[in-house]
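J.: Got a structure for you, questions after.
Chains as they are written, first to last, in my numbering: chain Z, 1 to 290; chain F, 1 to 282.
In structure tokens form, the structure reads like this:
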């Protein structure tokens, strides 16, 4: 079983639009969306939810006001500014700032702090017209996105194993931090979607450093390439120097947002030159992973 | 005033709005620009600041004094992040998992733990004309950006209008960026993706009790901004500005030029945006 993760560094370069089209062309793949705090792939795949699992990321402190004596011992122990001293000296927890380190629980001399399992999201297993789909929703303002990414990937791999499917296709998240690292570990190919802008190139360099750091093979494609042919040439040269295959160059096309509004993968929305290029990109990618 | 620019979805134009707002307020409103998207900082491409200072940002991780450690296992037991493991006569520390809470040091019965700093990134600061500027750059391979975001925000100059360019998403890095803001400007685009993520980001700002306003970017692209406006009126969020879809803006961006370079007349609209934000607050 092979795994491809679609990432970009910079947000909004077209990861989800391309992943949905790849999903429509990849026969028998398991699909996954690990952009757990702002997932969008379901808006193009229209999943029918089969299973839901509550995701508990960490425990958070809750202080019993009746037991709290207001001694204040916990206050300097918390490094996340999550403990608030009330007028009466009693302490309460700002759940949004609490990172679940549990130190207040340990230092409280009267046992006024309880640790409560905290629901931070939901994981879904769904079916779509293109195959099984694992996705998730992290609660608003939650942490532990990396752990949820790992859960989604585990579930997708498990389904692939059980059903004898050869490919897991994963829509990733922007950035280079915790959720992105969690989406990369152990994957066979990182597919980087970039654009010919200073930010696109800069962010691709950083994400490529990250894939190199974890020794993960990378390939890329240049989306909206015709916005700036000079920068496109720069990206291509950059890729050549590092032996990163460029699997496709896709034009800027106002029909793309139309396909998103219609809620269909682009290759099913249109059969124009952009769709042809996306098909070619997928063919090149399939060859790389074969 | 501290004004954060956020979006949920990446690539909707956060940096474009933050940068052009900062520029449009010049020269009469001093601005301090903080790029808190430390994973992928991009505002410097457009503001082109002269970076005068750079400081390393460290996070604290435990170091074990082998002379004192009795391998009792207490530190591993209390660590909520599984960043410590005790095996026979050694203690393993996993820096990537450590949140730097200091609990192990505090609770070690033998006083055998001290904390040492490991570098997670840098904060660079300087100025771009009248705009003072700072951004963070997370080191490659580092998972946790919030401590670096906190460090960027420490640069804040209270005498100026502070404009914060936030990272995408709605989880901890975004919360860290928004914390303490007087206003959150949400940039969206009129597609189902933009709306879906706007709803999430608007929810996060609401939970944090931060007043909100919306900028619709690339309006008239896709299906038009009807659904975004419906959502905003349901939620009581004012739509403060609309930026039409214009290929000239996209091309200027691709050359590292600002929206104001491409369309100088937009300056007045950004100034009006700021006035509307100020009015919303009063």
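Built from N, CA and C at the ideal position, the CB exists for glycine as well.
Would a check of beta-carbon distances place residue 154/Z closer than 8 Å to chain F?
T.: No, its Cβ sits nowhere closer than 8 Å to a Cβ of chain F.
J.: So residue 97/F and residue 121/F are supposed to be a Cβ contact under 8 Å. How far apart are they, rounded?
T.: Not quite, the Cβ-Cβ distance comes to about 18 Å (not below 8 Å), so this is no contact.
J.: Does DSSP put residue 57/F in a helix, in a strand, or in coil?
T.: The answer is strand: DSSP assigns residue 57/F an E or B state.
J.: Please classify residue 49/Z as buried or exposed, where buried requires at least 16 other C-beta atoms within 10 Å of its C-beta.
T.: When all chains shown are included, residue 49/Z counts as exposed.
J.: Is it a yes or a no for the segment 154–168 of chain F touching the segment 30–37 of chain F, going by three-plus beta-carbon pairs under 8 Å?
T.: Flag = yes, the segment 154–168 of chain F and the segment 30–37 of chain F touch.
J.: Here's the rule I'm using: 16 or more other beta-carbon atoms within 10 Å means buried, otherwise exposed. How should residue 242/Z be labelled?
T.: That one is exposed.
J.: In chain F, which residues lie less than 9 Å from residue 106/Z when you measure between Cβ atoms?
T.: Neighbours of residue 106/Z on chain F, chain order: 78, 103, 106, 107.
J.: According to DSSP, what are the bridge partners of residue 35/F?
T.: Per DSSP, 135/F, 165/F.
J.: Compare the C-alpha of residue 64/F against each of 228/F, 178/F, 105/F, 29/F and name the closest.
T.: Checking every option, the nearest Cα to that of residue 64/F belongs to 105/F.
J.: Residue 2/Z: which of 28/Z, 274/Z, 103/Z sits nearest, CA to CA?
T.: The shortest Cα separation from residue 2/Z among 28/Z, 274/Z, 103/Z belongs to 28/Z.
J.: Ignoring anything shorter than 3 residues, give me the beta strand (DSSP E) runs that lie fully in the segment 51–95 of chain Z, in order along the chain.
T.: As far as the segment 51–95 of chain Z is concerned, its whole beta strand (DSSP E) runs of at least 3 residues are 83–85, 91–93.
J.: When the cut-off is 8 Å and only beta carbons count, does residue 217/Z lie next to chain F?
T.: By this cut-off, residue 217/Z is not an interface position.
J.: Within 10 Å of its beta-carbon, does residue 90/Z have 16 or more other beta-carbons around it, so buried, or fewer, so exposed?
T.: Result: buried.
J.: Can you pull the DSSP bridge partners for residue 93/F?
T.: Answer is 84/F.
J.: Helix or strand or just coil, what does DSSP make of residue 200/Z?
T.: Residue 200/Z falls in the helix class under three-state DSSP.
J.: Applying a beta-carbon distance threshold of less than 8 Å, which residues of chain F neighbour residue 101/Z?
T.: Simply 80, 81, 99, 101, 103.
J.: At least one CB of chain F closer than 8 Å to the CB of residue 64/Z: is that the case?
T.: Judged by the 8 Å Cβ criterion, residue 64/Z is not in contact with chain F.
J.: Could you work out which residue in 277/F, 182/F, 272/F, 62/F is closest to residue 92/F when comparing CA atoms only?
T.: Among 277/F, 182/F, 272/F, 62/F, the Cα nearest to that of residue 92/F belongs to 62/F.
J.: Output needed for residue 155/F: all residues of its chain with C-beta closer than 7 Å, excluding positions within five of it in sequence on either side, in chain order.
T.: Contacts found: 34, 123, 125, 134.
J.: What is the DSSP secondary structure of residue 242/Z, counted as helix, strand or coil?
T.: It is coil, neither helix nor strand.
J.: Can you pull the chain F neighbours of residue 209/Z, defined as C-beta to C-beta under 9 Å?
T.: 140, 141, listed in chain order.
J.: Going by other Cβ atoms of all chains shown within 10 Å of its Cβ, with 16 needed for buried, is residue 54/Z buried or exposed?
T.: By the 10 Å Cβ count, residue 54/Z comes out exposed.
J.: On the DSSP letters alone, give me the boundaries of the alpha helix (DSSP H) that residue 20/F sits inside.
T.: It spans 14–24 - the alpha helix (DSSP H) in which residue 20/F sits, taken as one unbroken run.
J.: Mark residue 142/Z as exposed unless 16 or more other C-beta atoms lie within 10 angstroms of its C-beta, in which case mark it buried.
T.: Residue 142/Z should be labelled buried.
J.: Determine, using beta carbons only, whether residue 49/Z comes closer than 8 Å to chain F.
T.: It does not: the Cβ of residue 49/Z has no partner Cβ on chain F nearer than 8 Å.
J.: Got a sec? Which residues, its chain only, sit under 8 Å from residue 47/F by beta carbon, not counting five neighbours each side?
T.: Correct list, in chain order: 19, 22, 23, 33, 128, 131, 133.
J.: Would you say the segment 92–101 of chain Z touches the segment 55–71 of chain Z, given that touching needs at least three Cβ pairs under 8 Å?
T.: Yes, since at least three Cβ pairs between the segment 92–101 of chain Z and the segment 55–71 of chain Z fall closer than 8 Å, the two stretches touch.
J.: Residue 241/F bridges to which residues according to DSSP?
T.: Paired residue(s): 215/F.
J.: Following the continuous alpha helix (DSSP H) through residue 105/Z, name the residue where it begins and the one where it ends.
T.: That run of the alpha helix (DSSP H) goes 103–107.
J.: Apart from the five residues just before and just after residue 152/F, which ones in its own chain have a Cβ nearer than 8 Å to its Cβ?
T.: Counting only Cβ-Cβ distances below 8 Å, and skipping sequence neighbours, we find 34, 35, 36, 38, 123, 134, 135, 136.
J.: Does the count of Cβ pairs from the segment 71–80 of chain F and the segment 94–112 of chain Z closer than 8 Å reach three?
T.: The answer is yes - the segment 94–112 of chain Z touches the segment 71–80 of chain F, with three or more Cβ pairs under 8 Å.
J.: For residue 170/Z and residue 23/Z, I'd like the C-alpha separation in whole angstroms.
T.: Approximately 10 Å, taken between the alpha carbons.
J.: Which residue or residues does DSSP assign as beta-bridge partners of residue 188/F?
T.: In the DSSP output, where bridge partners are listed per residue, residue 188/F has 216/F.
J.: What is the rounded straight-line gap between the Cα of residue 271/F and the Cα of residue 173/F?
T.: Cα to Cα, residue 271/F sits roughly 28 Å from residue 173/F.
J.: Between residue 5/Z and residue 187/Z, is the Cβ-Cβ spacing less than 8 Å?
T.: Cβ atoms of residue 5/Z and residue 187/Z: closer than 8 Å.
J.: I'd like to know whether the C-beta atoms of residue 193/Z and residue 57/Z end up nearer to each other than 8 Å.
T.: Contact: no.
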